[in-house]
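Take a look at the structure set out below.
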Amino acid sequence: MGDVKEEKTLSIPEYFMLGAKKGFYITVELIAPAMVMAYVIITFLQLSGLMPLIGQALGPVMGLFGLPGEASVVLLAAFFAKAAGAATAASMYAAGVLTAEEATILFPACITMGTLVGHFARIVLVCKVRPLYYPVLLATPIIDAVIVMYLTRFVLALYL
Amino acid sequence: MSQNIEHQNVKELHEQKVTWKGWLSLLFLVVCFSGVFAHSDSFLRAFDLTALLGQFGHAEGAKVSLQGTGGSGAREAFVLALTMAPTTMIAQGLIEVCQHLGALTAAGKLFQPFFRVLLGVPGVVGLAFVSSFTSSDVGAFMTKNMADEKLITDDHRTIFAAYQYAGSATINNTIGSGAALLPITLLPVGIIIGLIIVVKFIGANIVRFYLVWHHRRHPEAE
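Chains A and B are the protein sequences, given in the same order.
Its first residue numbered 17, the first sequence is counted upward by one per residue in this note's numbering.
Its first residue numbered 40, the second sequence is counted upward by one per residue in this note's numbering.
Below, the structure is given as structure tokens:
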């Protein structure tokens with residue numbers, strides 16, 4: 017990740033502290049903003065009465081994965097940023113909209129298809145993949161997310 | 040990281056030795072994150088991430104910790120985010136140490152003989168594969184360089200890009216971006232990471248077979 021030469025001079029405890037510092041900054045720079053945004057959106061959807069409407073409208077689609085229609089908001093948030101998806105799922109769990117089981121199913125899906133456009137630029141474009149294959153590559157994380165939701169459901173059934 | 044260093048990395052790939060420290064730290068990471076000893080009564084519980092994470096204390100007489108009960112909206116979100124700092128700090132700290140000791144290189148070595156079968160790409164992608172556990176960008180740069188150097192074909196590049204793209208920087212994103220779900224998930228974080236890696240391979244293979252189909256359909260384009 018960082019500068020290789022610099023890292024060679026560190027001791028093991030220093031590596032731990034370097035990582036811990038990174039972790040703290042992740043909390044401050046990534047998680048806290050994503051959590052505040054997600055909670056505000058979910059609170060808005062609940063106060064405005066839109067949440068049950070979303071649940072009804074998308075219930076049949078999300079039902080295929082054993083999830084309520086409201087879970088679509090999580091995947092929509094994840095599309096923009098992985099952290100936003102995860103934070104949205106967490107806030108819906110706190111609000112009683114999702115169960116822990118449903119949040120667990122959404123967890124790997126958020127990471128798999130999260131930050132879809134941003135990471136397309138950072139990975140697919142940087143790799144210099146031929147433009148001809150762009151649509152297929154763009155679809156891959158979404159297909160993966162669908163598979164991982166089924167897979168997680170299956171593993172969850174075995175684990176619990 | 041400059042492209043020159045990336046360049047060197049590709050060439051040094053086969054010279055990279057995995058020491059016993061690498062294997063041991065990989066084992067430690069897998070054990071720690073998989074939660075196998077989460078419910079152990081013996082000293083083995085010391086090797087569990089959740090056990091090491093510990094608990095927040097309670098104010099005298101209070102039933103819940105730091106976070107309190109009945110919070111909502113942005114205020115609740117902020118307090119909740121703060122309670123996640125120890126999780127991301129300990130996890131990133133352990134990963135940083137184990138990465139330094141060679142855990143991820145060991146994981147790459149473990150997979151190396153199987154790249155041909157699992158992804159249909161040569162073992163030379165090993166180092167980029169290892170980087171892609173914790174970084175979105177390094178692996179992508181290396182992939183481009185390997186294709187430029189003709190170490191891998193254009194199809195290999197496409198398949199391997201598909202592998203990296205879905206669930207990118209898997210370990211860091213699962214514990215970092217996914218931190219909000221860590222206290223909620225019913226599966227240990229190691230299993231979540233494992234599931235994501237499994238579907239990354241599945242997705243890359245979908246692209247792999249798409250390419251075979253595509254080349255058969257458009258043989259003149261080659």
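Think of the CB as a built atom: it goes at the ideal place given N, C-alpha and C, for glycine as much as any other residue.
Measuring alpha carbon to alpha carbon, tell me which residue in B:Gly107, B:Arg255 and B:Asp193 is nearest leucine 7 of chain B. Nothing about residue 7 of chain B can be read from this structure; chain B reaches only from 40 to 261.
Whole-angstrom Cβ separation of valine 142 of chain A and alanine 179 of chain B, contact assumed at under 8 Å? Within the first sequence, residue 142 of chain A is the residue found at index 126, counting from 1. Within the second sequence, residue 179 of chain B is the residue found at index 140, counting from 1. Indeed, because the Cβ distance is near 4 Å, the residues count as touching under 8 Å.
On the CB-based measure, 16 or more other CB atoms within 10 Å of its CB, does isoleucine 121 of chain A come out buried or exposed? Walking along the first sequence from the start, residue 121 of chain A turns up at place 105. For isoleucine 121 of chain A, the number of other beta carbons within 10 angstroms of its own is at least 16, and it is reported as buried.
Just to confirm, is the Cβ distance from threonine 156 of chain A to glycine 162 of chain B under 8 Å? Taking the first sequence and counting its residues from 1, one reaches residue 156 of chain A at position 140. Taking the second sequence and counting its residues from 1, one reaches residue 162 of chain B at position 123. Contact flag unset, no.
In this structure, does DSSP put histidine 254 of chain B in helix, strand or coil? Start at 1 with the first residue of the second sequence, and residue 254 of chain B comes out as number 215. It is helical.
State yes or no: is the C-beta of valine 238 of chain B within less than 8 Å of the C-beta of leucine 167 of chain A? In the second sequence, residue 238 of chain B corresponds to position 199, counting from 1. In the first sequence, residue 167 of chain A corresponds to position 151, counting from 1. In contact: valine 238 of chain B and leucine 167 of chain A (Cβ atoms closer than 8 Å).
Taking the alpha-carbon positions, what's the glutamate 118 of chain A to isoleucine 236 of chain B distance? Residue 118 of chain A sits at position 102 when you count from the first residue of the first sequence. Residue 236 of chain B sits at position 197 when you count from the first residue of the second sequence. Taking the Cα positions, glutamate 118 of chain A is about 20 Å away from isoleucine 236 of chain B.
Go ahead and pull the three-state DSSP assignment for histidine 135 of chain A. Counting from 1 along the first sequence, the entry for residue 135 of chain A is found at position 119. If DSSP states are grouped into helix, strand and coil, histidine 135 of chain A belongs with the helices.
Tell me, to the nearest whole angstrom, how far the beta carbon of glutamine 72 of chain A is from that of glycine 82 of chain A; I am working on the premise that it is less than 8 Å. The residue you call residue 72 of chain A lines up with position 56 of the first sequence. The residue you call residue 82 of chain A lines up with position 66 of the first sequence. Rounded to the nearest angstrom, the Cβ distance from glutamine 72 of chain A to glycine 82 of chain A is 17 Å, too far for a contact under 8 Å.
Where alanine 106 of chain A meets chain B, residues with beta-carbon distance less than 7 Å: Numbered from 1 along the first sequence, position 90 holds the residue referred to as residue 106 of chain A. At a C-beta separation below 7 Å, alanine 106 of chain A has these neighbours in chain B: Ala219, Leu220 and Ile223.
I want to verify the contact list: residues of chain A whose CB lies under 8 Å from the CB of phenylalanine 196 of chain B, in sequence order. In the second sequence, the residue the question calls residue 196 of chain B occupies position 157. Rather than phenylalanine, the amino acid found at residue 196 of chain B in this sequence is arginine. Cys143, Lys144 and Val145, listed in chain order.
Within the continuous alpha helix (DSSP H) that includes glutamine 94 of chain B, where are the two ends? The residue given as residue 94 of chain B occupies position 55 in the second sequence. First-last for glutamine 94 of chain B: undefined, no H or E at that position.
Applying the criterion that 16 or more other CB atoms from any shown protein chain within 10 Å of the CB defines a buried residue, is leucine 172 of chain A buried or exposed? The residue given as residue 172 of chain A occupies position 156 in the first sequence. Buried: at least 16 other Cβ atoms inside 10 Å.
Reducing DSSP to helix, strand and coil, say where glutamine 42 of chain B ends up. The residue given as residue 42 of chain B occupies position 3 in the second sequence. Its pLDDT being 47, under 50, glutamine 42 of chain B is placed unreliably by the model, and nothing is read from it.
Please identify the residue among A:Leu114, A:Ala161, A:Lys144 and A:Leu61 whose C-alpha is closest to the C-alpha of methionine 181 of chain B. What you label residue 181 of chain B is simply residue 142 of the second sequence in a count that begins at 1. Methionine 181 of chain B has its Cα closest to that of A:Lys144, out of A:Leu114, A:Ala161, A:Lys144 and A:Leu61.
Excluding five sequence neighbours on each side, which residues of the same chain lie with their C-beta closer than 8 Å to the C-beta of alanine 145 of chain B? Here residue 145 of chain B refers to the residue found at position 106 when the second sequence is read from its first residue. If you ignore the 5 residues before and after alanine 145 of chain B, its C-beta comes within less than 8 Å of the C-beta of Val57, Gly61, Trp62, Ser64 and Leu65, all in its own chain and listed in chain order.
Consult DSSP for aspartate 87 of chain B and reduce its assignment to one of helix, strand or coil. On the second sequence, position 48 is the one that residue 87 of chain B refers to. In the three-state reduction of the DSSP assignment, aspartate 87 of chain B falls in the coil class.
Within chain A, the residues that asparagine 212 of chain B reaches when beta carbons sit closer than 7 Å: In the second sequence, the residue the question calls residue 212 of chain B occupies position 173. Lys98 and Ile127, listed in chain order.
Among B:Ile129, B:Tyr202, B:Tyr249 and B:Gly217, which has the Cα closest to the Cα of isoleucine 127 of chain A? Start at 1 with the first residue of the first sequence, and residue 127 of chain A comes out as number 111. It is B:Gly217 whose Cα lies nearest to the Cα of isoleucine 127 of chain A.
For a contact defined as C-beta to C-beta under 8 Å, what are the partners of tyrosine 150 of chain A on chain C? As a matter of chain content, chain C is missing from the structure shown, whose protein chains are A and B.
Just confirm the distance between the C-beta atoms of isoleucine 191 of chain B and valine 246 of chain B, as a whole number of angstroms; I'd bet it's less than 8 Å. Along the second sequence, read from residue 1 onward, the residue named residue 191 of chain B stands at position 152. Along the second sequence, read from residue 1 onward, the residue named residue 246 of chain B stands at position 207. Not quite, the Cβ-Cβ distance comes to about 14 Å (not below 8 Å), so this is no contact.
Mind checking whether leucine 220 of chain B and alanine 125 of chain A have CB atoms under 8 Å apart? The count along the second sequence starts at 1 and reaches residue 220 of chain B at position 181. The count along the first sequence starts at 1 and reaches residue 125 of chain A at position 109. Cβ distance not < 8 Å, so leucine 220 of chain B and alanine 125 of chain A don't count as in contact.
DSSP on glycine 75 of chain A, reduced to helix/strand/coil? As a working note, residue 75 of chain A is residue 59 in the first sequence. Collapsing the DSSP output to three states places glycine 75 of chain A in a helix.
Comparing alpha-carbon positions, which option in B:Phe168, B:His139, B:Leu119 and B:Gly100 lies nearest leucine 149 of chain B? By one-based count along the second sequence, residue 149 of chain B stands at place 110. Of B:Phe168, B:His139, B:Leu119 and B:Gly100, the residue nearest in Cα terms is B:Phe168.
Proximal residues, the segment 68-86 of chain A versus chain B, C-beta separation under 8 Å: So nothing in the stretch comes that close.
Alanine 137 of chain A: buried (16+ other C-beta within 10 angstroms of its C-beta) or exposed? Position 121 of the first sequence, counted from the start, is the residue given in the question as residue 137 of chain A. Result: exposed.
Examine the ligand COA and report whether any of its heavy atoms sits within less than 7 Å of the Cβ of threonine 192 of chain B. The ligand content of the structure shown is nil, which means the ligand COA is not present either.
Beta-carbon spacing of threonine 127 of chain B, glycine 215 of chain B below 8 Å: Counting from one through the second sequence, the residue named residue 127 of chain B turns up at place 88. Counting from one through the second sequence, the residue named residue 215 of chain B turns up at place 176. At the C-beta level, threonine 127 of chain B and glycine 215 of chain B come within 8 Å of one another.
With C-beta atoms as the reference, is glycine 79 of chain A less than 8 Å away from glycine 101 of chain A? Residue numbering aside, residue 79 of chain A sits at position 63 when the first sequence is read from its first letter. Residue numbering aside, residue 101 of chain A sits at position 85 when the first sequence is read from its first letter. No, these two residues do not count as a Cβ contact at 8 Å.
If the criterion is Cβ atoms closer than 8 Å, does the pair alanine 124 of chain B and threonine 43 of chain A meet it? To locate residue 124 of chain B, count along the second sequence from 1; it is residue 85. To locate residue 43 of chain A, count along the first sequence from 1; it is residue 27. A contact, by the Cβ cut-off of 8 Å.
Between B:Val70, B:Gln94, B:His97 and B:Gly96, which has its C-alpha nearest aspartate 87 of chain B's C-alpha? Position 48 of the second sequence holds residue 87 of chain B. Selected option, being the one with the closest Cα: B:Val70.
Nearest by alpha-carbon distance to alanine 116 of chain A: which of B:Ala130, B:His257, B:Leu234 and B:Pro222 is it? Within the first sequence, the letter at position 100 stands for residue 116 of chain A. Among B:Ala130, B:His257, B:Leu234 and B:Pro222, the Cα nearest to that of alanine 116 of chain A is on B:Pro222.
Cβ of isoleucine 231 of chain B within 8 Å of Cβ of alanine 36 of chain A? Counting from one through the second sequence, the residue named residue 231 of chain B turns up at place 192. Counting from one through the first sequence, the residue named residue 36 of chain A turns up at place 20. No, Cβ-Cβ distance for isoleucine 231 of chain B and alanine 36 of chain A is not below 8 Å.
Ignore the nearest five residues each way along the sequence and tell me which others in threonine 224 of chain B's own chain have a CB closer than 7 Å to its CB. Position 185 of the second sequence holds residue 224 of chain B. Scanning its chain for C-beta atoms nearer than 7 Å, with the 5 sequence neighbours on each side dropped, one finds around threonine 224 of chain B the residues Ile231, in chain order.
Run through the segment 147-232 of chain B for me and flag every whole alpha helix (DSSP H) of 4 or more residues, listed as ranges in chain order. Counting whole runs of 4 or more residues, the segment 147-232 of chain B contains the alpha helix (DSSP H) stretches 154-157, 165-170, 176-187, 193-204 and 209-214.
Span separating the alpha-carbon of proline 29 of chain A from that of glycine 141 of chain B: Translated into positions along the first sequence, residue 29 of chain A becomes position 13. Translated into positions along the second sequence, residue 141 of chain B becomes position 102. Each residue's alpha carbon lies about 16 Å from the other.
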